[in-house]
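Q: The following block contains the structure, expressed as structure tokens.
In mature numbering (1 follows the signal peptide of the UniProt record, and there is no 0), the protein residues as written are -23 to -1, 1 to 526.
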């Protein structure tokens, strides 16, 4: 008995020693500040835009590493944020569409999020701005000032208010004398034409000081002429589109001034030299071929990381292939906290990686470097499942619902409705090509960066043969996931059944009940739950792409 008692005491002592070591690692590693734009793109001086003025973000880039091959894992607001905060893609975290209002999507109750994990390791966590994820218990911050207890424009666009909330949080963190994660999620430069049309298509008049627009004291508005904007290749060259870009520039400049205010607060609080700063965006800009698409304008993201550590690179570019899934393991690595190995019985070890080593040294170049992406919903009515793998040279897209027209985000109606009045639509695609997509799309990004020449027909037989094992692997993963991840047998059975039909077009009608039942979490499972993410699938798809070189 004495031996058993001693063993128990030793275990208890080891537990507290281990917990203390982990806490001490977090306490000595510094802090993390994440700055996230909402539908932000490459309209930044750091990414060679010569028109839109962003001096504060550009200055941050000079103190860190600018990533030129960063991608989101899903091109939609809530799913991308859930992926960033869990380090897992949608089919593992459960967030398939928008969280807010009528959409009601939520992550699985079993996910482990970044704020929850950090809180368990004695790190103070705070969020200011747009949260747009749930359930609340799975994404719990110690300090929360979001759309859930404020007006989203006030906490997401009013940069004076954001500055003061940042000051409040940093004062609390200094009193607590604990390391912190502060996640500031701006609402700029998201469109607001269908929610707050009085403020303009991008809320560029909000807080401008004009009559009825309110005043943001710290904002010095910069207005742009529509003729002078730098139009990306994938946006229609019309006056309407150019005016939208000009309005977007104004809100990006407001975002940039907000970034400057936040960084000044960080310095005033004494944390400029002990804080890892990460700037990025959730998904592509809100234009056709951008947000909700698997094309590069929907997936590629700005990513700037500035580290105060002496060995970290400064004012350099990285061409490593990275994903926003990598943000969580990067933050955990910074605090010395291990990354969770499994979610819903699915291994996470092949899903995401820490980017801290890249801040010191560029990794070896490989043509097989790849990122993976998926899309299932955006708005609840926009069911159009897609899976994609992107290497340095090739991209393979699987449109599972290819028999149906691609659903259009309500923000984009005005840009695509010119044909109704027989107006010209100068564009790099036809509307027919945009709405009706083939089951498979294969692009040589190096030769065809606009992704307009589908090579799949040329390699159709080879691709089909190579992907046969993928489907078998998907069914295995889906069965494991269905058995471990879903609450209730209905969702589990649906997930397995849909995944088993991965090769056929699917159409799911989301049925909504009125009243309280409509507020239940949506559980519309992905049709091919793991096409672009399970380890066996990665290997086989990369083999397919290599065979085309």
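C-beta atoms are modelled at their ideal positions from N, C-alpha and C, and glycine is treated no differently.
(1) What do you reckon, are the CB atoms on residue 235 and residue 140 nearer than 9 Å?
(2) Name the two residues that bound the continuous alpha helix (DSSP H) containing residue 421.
(3) Are the CB atoms of residue 228 and residue 134 within a distance shorter than 9 Å?
(4) In chain order, what residues of the same chain have a beta carbon less than 6 Å from the beta carbon of residue 262, not counting five sequence neighbours either side?
(5) Helix, strand or coil for residue 363? Go by DSSP, reduced to three states.
(6) When you compare only the Cα positions, how much space is there between residue 71 and residue 65?
(7) Distance, Cα to Cα, residue 174 vs residue 344?
(8) What separation, rounded to the nearest whole angstrom, lies between the Cα atoms of residue 340 and residue 332?
(9) Just verifying my parser: in three-state terms, what is the DSSP assignment at residue 434?
(10) Mind checking whether residue 213 and residue 178 have CB atoms under 9 Å apart?
(11) With DSSP as the reference, please indicate the residues paired to residue 277 in a beta bridge.
(12) Give me, in chain order, the residues of the same chain whose beta-carbon lies closer than 6 Å to that of residue 303; leave out the 5 immediate sequence neighbours on both sides.
(13) What's the call for residue 160, buried or exposed, on a 16-neighbour Cβ count within 10 Å?
(14) Of the residues 221, 152 and 94, which one's Cα is nearest the Cα of residue 114?
(15) Which runs of the alpha helix (DSSP H) spanning at least 4 residues fall entirely within the region 116 to 142, listed in chain order?
(16) What does the alpha-carbon distance come out to for the pair residue 25 and residue 289?
(17) Would residue 223 be called buried (16 or more neighbouring beta carbons within 10 Å of its own) or exposed?
(18) Which residues share a DSSP beta bridge with residue 13?
(19) Please go through the same chain and pick out, in chain order, the residues whose beta-carbon is closer than 6 Å to the beta-carbon of residue 225, but skip the five residues on each side of it.
(20) Go through its chain and collect everything with a Cβ distance to residue 100's Cβ below 7 Å, but skip five positions before and after it.
(21) The alpha helix (DSSP H) that contains residue 216, what's its start and end?
(22) Does the Cβ-Cβ distance between residue 362 and residue 373 come in under 9 Å?
(23) Quick one: using the 10 Å Cβ neighbour count with 16 as the cut-off for buried, is residue 505 buried or exposed?
(24) Figure out for me which residue from 90, 201, 218 and 347 has the closest Cα to the Cα of residue 298.
(25) Tell me residue 375's beta-bridge partners as DSSP assigns them.
(26) Taking the Cβ atom as the reference point for each residue, do residue 136 and residue 196 lie within a distance shorter than 9 Å?
(27) Is residue 429 buried or exposed, if buried means 16 or more other CB atoms sit within 10 Å of its CB?
(28) CB-CB under 6 Å to residue 335, same chain, minus the five flanking residues each way: which ones, in chain order?
(29) Please name the residue in 309, 406 and 366 whose C-alpha comes closest to that of residue 50.
(30) List the residues that DSSP assigns as beta-bridge partners of residue 43.
(31) Counting beta carbon pairs with one atom in the region 350 to 358 and one in the region 47 to 62, are three or more of them shorter than 8 Å?
A: So, from the data block:
(1) By the CB criterion at 9 Å, residue 235 and residue 140 fall inside the cutoff.
(2) Note, residue 421: premise wrong, no alpha helix (DSSP H); beta strand (DSSP E) at 417 to 421.
(3) A contact, by the Cβ cut-off of 9 Å.
(4) 16 and 18
(5) strand
(6) 9 Å
(7) 46 Å
(8) Using only the alpha carbons, I get a separation of about 10 Å.
(9) helix
(10) Taking 9 Å as the Cβ cut-off, residue 213 and residue 178 do not qualify as a contacting pair.
(11) 48
(12) Only residues of its own chain outside the window of five on either side were considered, and among them 329, 330 and 332 have a CB closer than 6 Å to the CB of residue 303, listed in chain order.
(13) buried
(14) 94
(15) Correct list: 129 to 133.
(16) 23 Å
(17) buried
(18) Under the DSSP definition of a beta bridge, residue 13 partners with 162 and 257.
(19) 166 and 179
(20) 3, 155, 156, 157, 158 and 312
(21) 216 to 245
(22) no
(23) For residue 505, the predicted structure reports a pLDDT of 32, less than 50, and the residue's modelled location is therefore unreliable. A value from the coordinates is still provided. Buried, since its Cβ has 16 or more Cβ neighbours within 10 Å.
(24) 347
(25) 364 and 417
(26) yes
(27) exposed
(28) 295 and 297
(29) 366
(30) 281 and 294
(31) yes
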